[in-house]
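Okay, structure first, notes after.
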Amino acid sequence: CAHAVDAEYKGRKAGSCGDVGVFSFHSLKNITTCGEGGMITTQRDEWVKPIEALRCMNLDQWPATQKEFQFGPHVLKKETKYDYWIPSHFDVNDVAGFWGNNYRMNEIQAAVGRAQVKKIDMLTEKRREIGHAITAGIRGIKGITPVYEAKGYKHVFHLYTLCVEEEELGAGRDDFLRVLYAEEGVQGILHYQPTYHFTGLKKLGVTGHCPNAEKFFYKRELNLPMHPRLTSQDVKNMVDGIRSAAEKVRRGHRVKA
Numbered sequence: 007c008a009h010a011v012d013a014e015y016k017g018r019k020a021g022s023c024g025d026v027g028v029f030s031f032h033s034l035k036n037i038t039t040c041g042e043g044g045m046i047t048t049q050r051d052e053w054v055k056p057i058e059a060l061r062c063m064n065l066d067q068w069p070a071t072q073k074e075f076q077f078g079p080h081v082l083k084k085e086t087k088y089d090y091w092i093p094s095h096f097d098v099n100d101v102a103g104f105w106g107n108n109y110r111m112n113e114i115q116a117a118v119g120r121a122q123v124k125k126i127d128m129l130t131e132k133r134r135e136i137g138h139a140i141t142a143g144i145r146g147i148k149g150i151t152p153v154y155e156a157k158g159y160k161h162v163f164h165l166y167t168l169c170v171e172e173e174e175l176g177a178g179r180d181d182f183l184r185v186l187y188a189e190e191g192v193q194g195i196l197h198y199q200p201t202y203h204f205t206g207l208k209k210l211g212v213t214g215h216c217p218n219a220e221k222f223f224y225k226r227e228l229n230l231p232m233h234p235r236l237t238s239q240d241v242k243n244m245v246d247g248i249r250s251a252a253e254k255v256r257r258g259h260r261v262k263a
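Set out below in structure tokens:
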């Protein structure tokens, strides 16, 4: 759910369709908590405490009402109401063999997040308005496949990703991107690539070969500017630039080094 806060599938919000939903509030996401942070949702009551433990260094907090506490080989007993320090103790234990860390969000970040949540409907609607305007503007351009929203889905346009169809356009994505930026002033970027391409993972022995994913997504996709502050003129400039760049590339035009 990192990219999908407020998205819906058949009337159900992202984060409610499975056992667990994991959200990111990084500064580039649809809502943010001062740059970093996130949220986990779960419909499994029995998973709440383990998730909280992993979030905070596997601390096993003892409830204040408890009278006897197991601490490693020791048993601590609260003999009187004046043994106030005993419930403040805690144990540290693994969660099904897993060890957590300090993933706590500070209170200022949480306050920013709560304020952002109050604006989520407005932010989502603005992104959807911009995203659908871009789609309408570039629909029908030969060699360019825009975003589509399938029936029953609510797209929140964290990104606007389009695909370049090399056989129809007569050139690949990189040639199109060069013309789009150099001559039309529209800067598209590439967000993702197969993880097994990364040098660090190769050093660890991670290998992989996903030809379909590479052919049908990685080698075709590019991302346009997308954020709620884009104006109607910004959208028009992008649409006009994409149309012009596609026409130039189809005619065989290329940007020279």
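Residue numbers (my numbering): 7 to 263. Here a beta-carbon is modelled for each residue, glycine too, at the ideal position from N, C-alpha and C.
Query	Result
Contained alpha helix (DSSP H) runs [length at least 4] in the stretch 98-133, N- to C-terminal order	113-124
Cβ-Cβ distance between K225 and E14 below 8 Å	no
Runs of beta strand (DSSP E) wholly within the stretch 36-103 (minimum 3 residues, chain order)	44-48, 65-67, 74-77, 80-83, 96-98
Distance between G78 and L60 (C-alpha atoms, nearest Å)	19 Å
Alpha-carbon to alpha-carbon, E113 and E42	13 Å
Simplified DSSP state of R179, which is helix, strand or coil	helix
Alpha carbon of R110 to alpha carbon of T47, nearest angstrom	15 Å
Distance, K157 Cα to G149 Cα	24 Å
In DSSP terms, what N229 is bridged to	T167, I195
Inter-stretch contact (C-beta, 8 Å, three-pair minimum) for the stretch 29-44 and the stretch 126-142	yes
For R235, three-class secondary structure by DSSP	coil
Exposure label - D97; buried when at least 16 CB within 10 Å	exposed
Helix, strand or coil at F29 according to DSSP, with G and I counted as helix	strand
Distance CB(M244)-CB(L230) smaller than 8 Å	yes
Near the ligand NAP: K208 beta-carbon under 7 Å from a heavy atom	The ligand NAP is absent from the structure shown, which contains no ligands of any kind.
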